[in-house]
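Just so you know, the protein sequences line up as chains F and A, in that order. Position 221 of the first sequence, counted from 1, bears residue number 221 in UniProt numbering, the numbering being contiguous throughout. Position 98 of the second sequence, counted from 1, bears residue number 98 in UniProt numbering, the numbering being contiguous throughout. Just so it is clear, CB atoms sit at the ideal spot from N, CA and C, and this is done for glycine as well. The next block holds one structure in the form of structure tokens; read it before the comments.
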Amino acid sequence: MVQKIGSQYKEILNQYMQRQSEQNLYVGQNFSRQLISENTSPEDVISMHKAAMQELYEDMPETVWHSFDFLIEMMINYGLALQERQSLLQRQEELRMEMDLAANVQETLLKTTLPTLDGLDIGLLSVPLRKMNGDYIYFISDKKGHAGIAVADVIGKGLPAALCMSMVKFGMDSMNDSMAFPREVLNTINRIVEKSVDDSMFVSMFYGRYEAETSILTYGSAGHEPAMLYRAETGEFEELTVKGLLLGVSPMATYEEKEVKLEKDDMVVMMTDGVTEGRTADGFIDREVINELILRKKGEPAQVIVQYVYDELVRMQNAELSDDFTLVIYKKV
Amino acid sequence: MSNQSSVEIQTEWDIVAARQLGRNVAKELGFGTVDQARITTAISELARNIYLYAGQGKIEIQRLTENGINGILIIAADNGPGIPDVRKVMEDGFSTSGGLGAGLPGVKRLMDDFKIETTLGEGTDIRATKWLR
Numbered sequence: 001m002v003q004k005i006g007s008q009y010k011e012i013l014n015q016y017m018q019r020q021s022e023q024n025l026y027v028g029q030n031f032s033r034q035l036i037s038e039n040t041s042p043e044d045v046i047s048m049h050k051a052a053m054q055e056l057y058e059d060m061p062e063t064v065w066h067s068f069d070f071l072i073e074m075m076i077n078y079g080l081a082l083q084e085r086q087s088l089l090q091r092q093e094e095l096r097m098e099m100d101l102a103a104n105v106q107e108t109l110l111k112t113t114l115p116t117l118d119g120l121d122i123g124l125l126s127v128p129l130r131k132m133n134g135d136y137i138y139f140i141s142d143k144k145g146h147a148g149i150a151v152a153d154v155i156g157k158g159l160p161a162a163l164c165m166s167m168v169k170f171g172m173d174s175m176n177d178s179m180a181f182p183r184e185v186l187n188t189i190n191r192i193v194e195k196s197v198d199d200s201m202f203v204s205m206f207y208g209r210y211e212a213e214t215s216i217l218t219y220g221s222a223g224h225e226p227a228m229l230y231r232a233e234t235g236e237f238e239e240l241t242v243k244g245l246l247l248g249v250s251p252m253a254t255y256e257e258k259e260v261k262l263e264k265d266d267m268v269v270m271m272t273d274g275v276t277e278g279r280t281a282d283g284f285i286d287r288e289v290i291n292e293l294i295l296r297k298k299g300e301p302a303q304v305i306v307q308y309v310y311d312e313l314v315r316m317q318n319a320e321l322s323d324d325f326t327l328v329i330y331k332k333v
Numbered sequence: 001m002s003n004q005s006s007v008e009i010q011t012e013w014d015i016v017a018a019r020q021l022g023r024n025v026a027k028e029l030g031f032g033t034v035d036q037a038r039i040t041t042a043i044s045e046l047a048r049n050i051y052l053y054a055g056q057g058k059i060e061i062q063r064l065t066e067n068g069i070n071g072i073l074i075i076a077a078d079n080g081p082g083i084p085d086v087r088k089v090m091e092d093g094f095s096t097s098g099g100l101g102a103g104l105p106g107v108k109r110l111m112d113d114f115k116i117e118t119t120l121g122e123g124t125d126i127r128a129t130k131w132l133r
């Protein structure tokens with residue numbers, strides 16, 4: 001095999017020595033591709049070159065042959081760098097496959113099914129920027145018309161954020177209380193995150209508790225993007241701002257709670273900063289833009305509105321998101 | 001002809017002596033220019049590690065014959081601090097990213113067999129073989 005390659009090389013080299021044409025150089029370049037695909041190292045190529053030259057031009061001065069030996073010595077580390085690159089590429093591929101698997105596991109783990117609840121029409125969407133999602137939508141409800149809806153965002157992206165979010169999910173799941181008030185939920189999750197997660201990991205969360213009987217939404221926030229409330233009567237949006245530290249900052253953090261009564265066709269819009277911090281060529285996409293998009297579809301079911309806002313924002317940003325994107329809209333019907 | 005010889009590594013110049021010894025043996029055994037260069041690069045790497053991390057040690061070159069095939073064995077031994085995390089130094093990209101050269105994964109690639117034994121506080125013993133094909 002080596003001999004065959006050697007004689008092929010000699011032939012190609014000889015052609016070029018006879019006539020220094022572009023054609024012959026091109027043949028050489030194609031041959032180098034074959035050598036690379038067969039993992040031929042640079043030092044072997046030079047050795048082959050030297051052997052070919054010795055056969056073609058045997059009466060060259062000794063210094064020329066010595067120079068090739070020197071060049072072979074020089075190339076050993078280049079050859080190693082090439083092999084290392086190949087093994088790193090392979091490892092990268094393995095990591096990629098592992099990430100795909102992990103992303104699947106996470107998707108199953110954090111899957112939120114579109115809830116049904118009397119009196120509320122709910123739409124939701126969560127799209128990770130990379131493979132793993134650092135955003136999370138939590139939903140719980142009971143037959144008596146109590147519901148809890150949370151949107152959470154880990155400060156950070158990718159794998160660490162996703163691992164952190166899995167823990168938040170288990171915290172919420174183990175509370176399993178559809179009647180819990182935002183203050184209790186945020187306090188509990190804050191303690192969990194503070195205790196178990198790396199100091200550099202923080203989570204923001206907006207939590208809303210809804211009671212169908214009274215149509216009252218009680219909400220609290222841990223340093224999260226304020227939710228928006230659309231009032232059907234006035235056609236205006238208002239921000240649902242409420243004080244509270246990010247989860248995981250301090251075990252002493254306390255969370256404020258406010259309430260608002262929802263009227264027919266009012267909408268609550270909960271989101272992560274991936275929605276509001278999008279950029280176009282003209283600058284940041286501000287809330288006005290998002291409100292405008294929602295208004296255009298306000299008569300449609302909540303899921304249609306959510307999908308529309310996402311599609312439009314992606315289109316405005318030339319299909320490039322800058323962060324995980326999560327949007328929940330619920331409409332009082 | 002003795003089939004065992006060694007060089008003490010204490011200064012950077014001893015690395016050259018170890019290379020020379022390895023090259024002579026490799027040449028006598030009939031290794032071609034490219035394999036000679038690979039063997040000496042491996043010796044360089046091992047001797048440099050001794051010089052840089054253990055301070056002093058020894059490079060030993062042995063001729064081997066197994067099932068009628070000749071080979072060369074490089075033994076790099078030192079009584080230095082040992083390697084705390086062998087798996088890490090055997091990882092690609094660990095030593096090269098710091099600009100330290102081919103590193104131990106490089107030595108492993110240059111040779112056919114590679115064995116490492118290291119004990120913290122006692123030293124390191126590396127054996128690398130190349131067979132003549």
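Closest in alpha carbon position to L125 of chain F, among F:V309, F:G79, F:Y26, is F:V309. Within chain A, the residues whose beta carbon sits less than 7 Å from that of I72 of chain F are T33, V34, A37, listed in sequence order.
Between the beta-carbon of L132 of chain A and that of L29 of chain A there is about 6 Å, and that keeps the pair under the 8 Å contact cut. By the C-beta density criterion, N187 of chain F is buried, having at least 16 other C-beta atoms within 10 angstroms. From the beta-carbon of S47 of chain F, the residues of chain A found nearer than 8 Å are G32, T33, V34.
CA-CA distance, I61 of chain A to Q34 of chain F, rounds to 37 Å. Under the 8 Å criterion on CB atoms, R19 of chain A is classed as non-interfacial with respect to chain F.
Rounded to the nearest whole angstrom, the C-alpha separation of V328 of chain F and D177 of chain F is 20 Å.
By the C-beta criterion, the region 189 to 201 of chain F is judged not to be in contact with the region 135 to 149 of chain F, since fewer than 3 inter-stretch pairs fall below 8 Å. Under the Cβ criterion of 8 Å, L88 of chain F is counted among the residues facing chain A. Across the structure, P42 of chain F and I72 of chain F are spaced so that their CA atoms are roughly 8 Å apart. For the options F:A150, F:I155, F:P160, the alpha carbon positioned closest to that of V269 of chain F is the one of F:A150. By the 16-neighbour rule on beta-carbons within 10 angstroms, G235 of chain F is exposed. Following the DSSP letters along the chain, one finds G274 of chain F in no beta strand (DSSP E) but inside the alpha helix (DSSP H) bounded by residues 273 to 276. Look at I61 of chain A here: in three-state DSSP terms it is strand.
DSSP, reduced to helix, strand and coil, places L262 of chain F outside both helices and strands of the structure shown, so it counts as coil. Assignment of D198 of chain F by DSSP, reduced to helix, strand and coil, places it in the coil class.
Considering only F:M48, F:D44, F:N39, F:E38, the residue with the shortest C-alpha distance to E11 of chain F is F:M48.
Against chain A, a Cβ distance below 8 Å from Q83 of chain F picks out R109.
For N77 of chain F, the C-beta contacts it makes with chain A under 9 Å involve T41, G101, A102, G106, in order along the chain.
C-alpha of M111 of chain A to C-alpha of S5 of chain A: approximately 19 Å in a straight line. Every alpha helix (DSSP H) of 4 residues or more that sits fully in the region 3 to 68 of chain F is shown, in chain order, as 22 to 37, 42 to 56. E43 of chain F belongs to the set of residues whose beta carbon lies under 8 Å from a beta carbon in chain A. Within the model, the alpha-carbon separation for N291 of chain F versus E312 of chain F is close to 12 Å.
Around the C-beta of R296 of chain F, fewer than 16 other C-beta atoms lie within 10 Å, and the residue is accordingly described as exposed. Under the 8 Å criterion on CB atoms, L13 of chain F is classed as non-interfacial with respect to chain A. Taking 8 Å as the CB threshold, G82 of chain A stays off the interface with chain F.
I126 of chain A carries a strand assignment under DSSP once its states are collapsed to helix, strand and coil. Apart from the 5 residues on each side of it in sequence, L129 of chain F sits with its Cβ closer than 8 Å to the Cβ of K157, G274, L321, S322, D323, D324, F325 in its chain, given in chain order. For the pair R127 of chain A and K108 of chain A, the CB atoms are not nearer than the 8 Å cut-off. Looking at F:V127, F:S204, F:K144, the one whose alpha-carbon comes closest to that of C164 of chain F is F:S204. Closest option to L217 of chain F, judged by alpha-carbon separation, among F:G299, F:E263, F:R191: F:E263. Close to D69 of chain F, with beta-carbon spacing below 7 Å, are these residues of chain A in chain order: T33. In the DSSP assignment, no residue is bridged to I305 of chain F.
Taking the beta carbon of D92 of chain A as reference, the chain F residues within 8 Å of it are E84, S87, L88, R91, listed in sequence order.
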